[in-house]
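What follows is a short report on a single structure.
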Amino acid sequence: MDTAVNEAFLKRLSSLGGGTCTCVVPGEALEDALRGIGREIGAPLIVDVKVEGAEDLAPARVPDLFAGRAATVFLRVKKGKTITVTGTYSDGKAFKETVKPGVIELPAIAHLWARTRVTDLEDRFRLGETGLKQEIIDLAVRHTLLTRFTSFVVVDESEIVNKGGEVNKVVQPVHLPAKWEMEAEMCEDAGAPMERLRSVSSSMAPPPAACAPAPKRMSKSKKMFGFLGGKDTEAIRHEPEEKVSDSERKSFEKAVEALKKALEAAKAELEKGKTPAAGPVDQARKALLKELAGTLLGTTLGKLQSLLRSGLLELVAALSAKSATVGSVDRCLKSLSEAVQEGASPKFWEKMI
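And the structure:
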């Protein structure tokens, strides 16, 4: 009950738990919502529902059946085949019903099946199950669905707003939910005014006023944010954003590839029974260290730093002493791959809840 609830999360939570969810604005239609919940809660009539003779059920977990509450399951069935729905009545008796599917021309059914199927797949993806990303993308593209991996993009080619190629950052103000309070200082945006939004007890809202200029003293918003354990708004506004540029990343990747090739060449020489020189590996090692020293990657790739300053240094010494083995070079190659992957964190749309 609020003006800005997480409806998608609550409905999914209630669906997985076999419950029901109704979202209402405070003071509006509350009695109707309570009456609806009263009709839907209670003991189910049929539990342990299963559908036999069908493929790709969506949702995969068939919900229990309640009196007065519709239950929808999408599935795929071969032409001419029948499906059997089984379950258990609340008194313990067996329920069984055989259904012969009918054919109708309604493309929306396939779309609804795909959307429900993707919801199941995304739940499994969140739990760490691998190999689902491509299936989600294939379903989304085939049925034009919005998912965590696919989006709708509209390109207007009639006008180019940055003909010079420059990139401008624009912060778009967003209105607060109805009847939410926030101090004027919280809606500051680098000195640009925004409308002040306040909740009121009367039915008529006062006309919006512009936010005041940023005060020199510590604002309430800064105090509040600092109390929650974060940085104050002034610090966030002026703190430069640290990130690795495209040119730095390309230079880093080039240095990694050079070290990898040097190690592979040394391994190939050892496999032929020859003694490789230590120089190429050591030069590639030092070049990569130099690349790390000048970028943010140097502080995020701890394993790689350790490998360059310890494991590879020992390998260079072994190559110089002509005591290196194929196994020692192979271990360094494997360690290099793992150390580089340390900084390759998942995209935010893959790791979010």
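Heads up, the sequence shown is in our numbering, so the first residue is 21 and it goes up one at a time. Even glycine gets a Cβ: it sits at the ideal position worked out from N, Cα and C.
Cβ-based neighbour list, residue i, same chain, cut-off 8 angstroms, excluding 5 preceding and 5 following
i: Leu290; result: Pro296, Ala344, Thr345, Val346 and Val349
i: Ile129; result: Phe94
i: Thr23; result: Val45, Pro46, Pro197, Ala198, Lys199 and Trp200
i: Gly249; result: For Gly249, the predicted model reports a pLDDT of 43, less than 50, meaning its position is unreliable and no value from the coordinates is stated.
Option nearest residue i by Cα separation, candidates the options
i: Asp302; options: Phe145, Leu332 and Gly322; result: Leu332
i: Arg81; options: Thr102, Leu141, Leu353 and Arg305; result: Leu141
i: Thr170; options: Ser178, Glu149, Glu177 and Leu159; result: Leu159
i: Ala78; options: Gly184, Arg55, Thr136 and Leu308; result: Thr136
i: Thr104; options: Leu126, Ala87 and Val71; result: Val71
i: Gly88; options: Pro64, Ala313, Leu308 and Ala278; result: Pro64
i: Ser340; options: Gly299, Glu177, Val187 and Gly184; result: Gly299
i: Val336; options: Leu147, Lys306 and Lys310; result: Lys306
i: Pro127; options: Arg162, Glu51 and Lys113; result: Arg162
i: Thr164; options: Glu186, Ala134, Ala49 and Arg55; result: Ala134
i: Leu309; options: Gly293, Glu117, Ser330 and Lys294; result: Ser330
i: Lys120; options: Ala288, Phe145, Asp143 and Gly73; result: Gly73
Euclidean distance between Cα positions of residue i and residue j
i: Lys101; j: Val175; result: 45 angstroms
i: Leu316; j: Arg269; result: 10 angstroms
i: Cys231; j: Gln192; result: Low local confidence applies: a pLDDT of 47 at Cys231 is under 50, so the model's placement there is unreliable, and no value is given.
i: Cys57; j: Ile66; result: The sequence shown places Ile at residue 57, rather than the Cys named in the question. If you take the alpha carbons of Ile57 and Ile66, they lie about 19 angstroms apart.
i: Val97; j: Ala91; result: 19 angstroms
i: Cys41; j: Thr150; result: 31 angstroms
i: Glu155; j: Glu75; result: 16 angstroms
i: Lys153; j: Leu36; result: 22 angstroms
i: Pro99; j: Gly122; result: Note that residue 99 is Lys in the sequence shown, not Pro. So the alpha carbons of these two residues sit roughly 9 angstroms apart.
i: Asp282; j: Gln361; result: Per the sequence shown, residue 282 should be read as Ala rather than Asp. Their Cα atoms are separated by approximately 19 angstroms.
i: Lys274; j: Leu324; result: 15 angstroms
i: Leu17; j: Ala285; result: No answer is possible for residue 17: it lies beyond the span of the chain, which begins at 21 and ends at 373.
i: Cys84; j: Gly62; result: It should be pointed out that residue 84 corresponds to Asp in this sequence rather than to Cys. Going by the C-alpha atoms only, they are around 12 angstroms apart.
i: Lys183; j: Val190; result: 17 angstroms
i: Gly148; j: Thr167; result: 17 angstroms
i: Lys342; j: Leu279; result: 19 angstroms
i: Ile180; j: Ser265; result: 25 angstroms
i: Lys287; j: Glu334; result: 15 angstroms
i: Ile124; j: Val194; result: 44 angstroms
i: Phe29; j: Thr320; result: 33 angstroms
i: Asp68; j: Leu50; result: 33 angstroms
Residues near residue i by beta carbon distance below 6 angstroms, same chain, minus five either side
i: Cys43; result: Val25 and Glu27
i: Lys31; result: Cys41
i: Gly318; result: Leu312
i: Arg237; result: Note that Arg237 scores 46 on pLDDT, short of 50, meaning its location in the model is unreliable and no value can be drawn from it.
Neighbourhood of residue i by C-beta distance below 7 angstroms, restricted to the same chain and skipping five residues each side
i: Met21; result: Val44 and Pro46
i: Leu327; result: Ser355, Leu356 and Ala359
i: Phe8; result: Past the edges of the chain, shown from 21 to 373, lies residue 8, and the structure says nothing about it.
i: Ile157; result: Phe169 and Thr170
i: Phe272; result: Glu311, Thr315 and Leu317
i: Ala304; result: Ala278, Leu279 and Ala282
i: Cys352; result: Leu283, Gly331, Leu332 and Leu335
i: Phe172; result: Leu166
i: Gly38; result: Pro83 and Asp84
Residues bridged to residue i [DSSP beta-bridge criterion]
i: Lys116; result: Thr106
Q) What are the complete beta strand (DSSP E) segments, minimum 3 residues, inside the segment 24-103? A) 66-72, 75-78 and 94-96
Q: For the segment 255-339, list the alpha helix (DSSP H) runs that are entirely contained and at least 4 residues long, ordered along the chain.
A: 266-291, 299-313, 317-320 and 322-326
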